[in-house]
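Chain order of the listed sequences is A and B.
For the record, in the first sequence the residue sitting at position 7 is 7 according to the working numbering, with numbers rising by one throughout.
For the record, in the second sequence the residue sitting at position 134 is 134 according to the working numbering, with numbers rising by one throughout.
We treat Cβ as the ideally placed atom computed from N, Cα and C, and that holds for glycine.
Note that the structure is a prediction, hence the values are computed from the model and not measured.
Protein chains: 2
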Amino acid sequence: MKSTIIVNIKKYRATGIKLTPQRLAILEYIDGNKNHPSAENIHEAVSRKYPMMSLATVYKTLETLKHRGHISELSIDPKRRRYDPDTKPHHHLICITCKQIIDIEAELSLSIPDELKEGFEITGNHVEFYGICSKCRSR
Amino acid sequence: MKSTIIVNIKKYRATGIKLTPQRLAILEYIDGNKNHPSAENIHEAVSRKYPMMSLATVYKTLETLKHRGHISELSIDPKRRRYDPDTKPHHHLICITCKQIIDIEAELSLSIPDELKEGFEITGNHVEFYGICSKCRSR
DNA sequence: GTTACTGCAAAGCTTTTGCATCCCT
DNA sequence: AGGGATGCAAAAGCTTTGCAGTAAC
Chain A
1 MKSTIIVNIK
11 KYRATGIKLT
21 PQRLAILEYI
31 DGNKNHPSAE
41 NIHEAVSRKY
51 PMMSLATVYK
61 TLETLKHRGH
71 ISELSIDPKR
81 RRYDPDTKPH
91 HHLICITCKQ
101 IIDIEAELSL
111 SIPDELKEGF
121 EITGNHVEFY
131 GICSKCRSR
Chain B
1 MKSTIIVNIK
11 KYRATGIKLT
21 PQRLAILEYI
31 DGNKNHPSAE
41 NIHEAVSRKY
51 PMMSLATVYK
61 TLETLKHRGH
71 ISELSIDPKR
81 RRYDPDTKPH
91 HHLICITCKQ
101 IIDIEAELSL
111 SIPDELKEGF
121 EITGNHVEFY
131 GICSKCRSR
């Protein structure tokens, strides 16, 4: 266990940001997290270990990590921003009933007909698939 | 011109909602609008003609229209909700520099490999293409 | 020793709500 | 006439900001 922590500190040091206990707790929580948590989710979870953790610090840290490209911000939820530690291009599958969001790691080669490109130089894409999960369907 | 207004009132009456001057002004403004306006945008625009228009009324009307399926809500902009009078499935092309949003009306046949579907029944999808528009590129 | 992060509180935005009044249908 | 829409103001989120104190480098 101790060695895991050491490995992680090394990894987190590689982000280049100044490491504080608060930031380590945030990095530890979001690392590999597949729940697309909001700032409030992160604050709530991390507060259990570090009760002093302030929500403002969470927001400021997320902003820093986003600018350095270590996390990405999702505009999937109209009510609040969600964050994703996976910065590789990927897509999302959303249950329209329970709102859960699942990663889709498949490569989808998408292209727009030239005549619709309006002179844009396309740099990326993101697909949201909508559907009903099996749990919601069985109700 | 007068006949156009009559035609439009007929069309708007078909929405089934109770028509008030405020609602007509909102419907007229968003009808065919390609700017994906926010509630504030709509309020600002409509206020020029109807200074009494309240922002709360705009929100309530948009909520009503959304529930009846006459407009759709976009989660593209993390700062505020935007609305789209086009409820047919379509996609969006977003300039990462100036943030303008353009409709892409093309049919894109997208599918997820079964093994990644997690038991979901897929009902729809929405693609965001990112790029740089020609105006931004020439700077 | 500097630089910059933290926590708090306040402020800023967007969106929602309660309620009395008013107006479509 | 009745039900629902309007406008106002207040409240309720979510997110940002300023600042004094403190910790990482």
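>> Measuring straight from C-alpha to C-alpha, what distance separates residue 57(A) and residue 84(A)?
In response: Numbered from its first residue, the first sequence carries residue 57(A) at position 57. Numbered from its first residue, the first sequence carries residue 84(A) at position 84. Straight-line Cα distance between these residues: approximately 18 Å.
>> Considering only their Cβ atoms, is the gap separating residue 14(B) from residue 50(B) smaller than 7 Å?
In response: As a first step, residue 50(B) must be located in the second sequence, where it is residue number 50. As a first step, residue 14(B) must be located in the second sequence, where it is residue number 14. No, the Cβ-Cβ distance between residue 50(B) and residue 14(B) is not below 7 Å.
> Taking C-alpha atoms, which residue in 117(A), 116(A), 103(A) lies nearest to residue 120(B)?
Replying inline: Locating residue 120(B) in the second sequence gives position 120, counting from the first residue. The shortest Cα separation from residue 120(B) among 117(A), 116(A), 103(A) belongs to 103(A).
>> Quick check: is the beta carbon of residue 123(A) nearer than 7 Å to any beta carbon in chain B?
In response: On the first sequence, residue 123(A) is found 123 positions in, with the first residue counted as 1. Yes, because at least one Cβ of chain B sits closer than 7 Å to the Cβ of residue 123(A).
> Of all the CB atoms in chain A, is at least one closer than 7 Å to the CB of residue 138(B)?
Replying inline: Here residue 138(B) is taken as the residue at index 138 of the second sequence, counted from 1. No, its Cβ sits nowhere closer than 7 Å to a Cβ of chain A.
>> For a cutoff of 7 Å on Cβ pairs, would you count residue 29(A) as touching chain B?
In response: Counting from 1 along the first sequence, the entry for residue 29(A) is found at position 29. So, not an interface residue.
> For residue 128(A) versus residue 126(B), is the C-beta spacing smaller than 7 Å?
Replying inline: Start at 1 with the first residue of the first sequence, and residue 128(A) comes out as number 128. Start at 1 with the first residue of the second sequence, and residue 126(B) comes out as number 126. Result yes, Cβ atoms of residue 128(A) and residue 126(B) sit closer than 7 Å.
>> Considering only their Cβ atoms, is the gap separating residue 123(B) from residue 131(A) smaller than 7 Å?
In response: By one-based count along the first sequence, residue 131(A) stands at place 131. By one-based count along the second sequence, residue 123(B) stands at place 123. Cβ distance < 7 Å, so residue 131(A) and residue 123(B) count as in contact.
> Expressed to the nearest angstrom, what Euclidean distance is found between the alpha-carbon atoms of residue 79(A) and residue 67(B)?
Replying inline: Taking the first residue of the first sequence as 1, we reach residue 79(A) at position 79. Taking the first residue of the second sequence as 1, we reach residue 67(B) at position 67. Whole-angstrom Cα-Cα distance: 17 Å.
> Using the C-alpha atoms, what's the distance from residue 72(B) back to residue 36(B)?
Replying inline: Residue mapping note: residue 36(B) aligns to position 36 of the second sequence, counting from 1. Residue mapping note: residue 72(B) aligns to position 72 of the second sequence, counting from 1. Each residue's alpha carbon lies about 10 Å from the other.
> Name the DSSP bridge partner or partners of residue 132(A)?
Replying inline: Numbered from 1 along the first sequence, position 132 holds the residue referred to as residue 132(A). Note: residue 132(A) sits in a beta bridge opposite 121(B).
>> Just to make sure I have the definition right: I need the residues of chain B whose C-beta is within less than 8 Å of the C-beta of residue 65(A). Which are they?
In response: To locate residue 65(A), count along the first sequence from 1; it is residue 65. By Cβ distance, chain B contributes nothing, its closest Cβ being about 15 Å from residue 65(A), past 8 Å.
>> I need the straight-line Cα distance from residue 2(A) to residue 11(A), nearest angstrom please.
In response: Counting from one through the first sequence, the residue named residue 2(A) turns up at place 2. Counting from one through the first sequence, the residue named residue 11(A) turns up at place 11. Residue placement at residue 2(A) cannot be trusted, given a pLDDT of 49 that sits under 50; what the coordinates show is reported in the next sentence. Looking at the two C-alpha atoms, the distance is approximately 14 Å.
>> Among 107(A), 113(A), 18(A), whose alpha-carbon lies nearest the alpha-carbon of residue 108(B)?
In response: Here residue 108(B) is taken as the residue at index 108 of the second sequence, counted from 1. Nearest C-alpha to residue 108(B): 113(A).
> To the nearest angstrom, how far is it from the Cα of residue 33(B) to the Cα of residue 70(B)?
Replying inline: On the second sequence, position 33 is the one that residue 33(B) refers to. On the second sequence, position 70 is the one that residue 70(B) refers to. Cα to Cα, residue 33(B) sits roughly 13 Å from residue 70(B).
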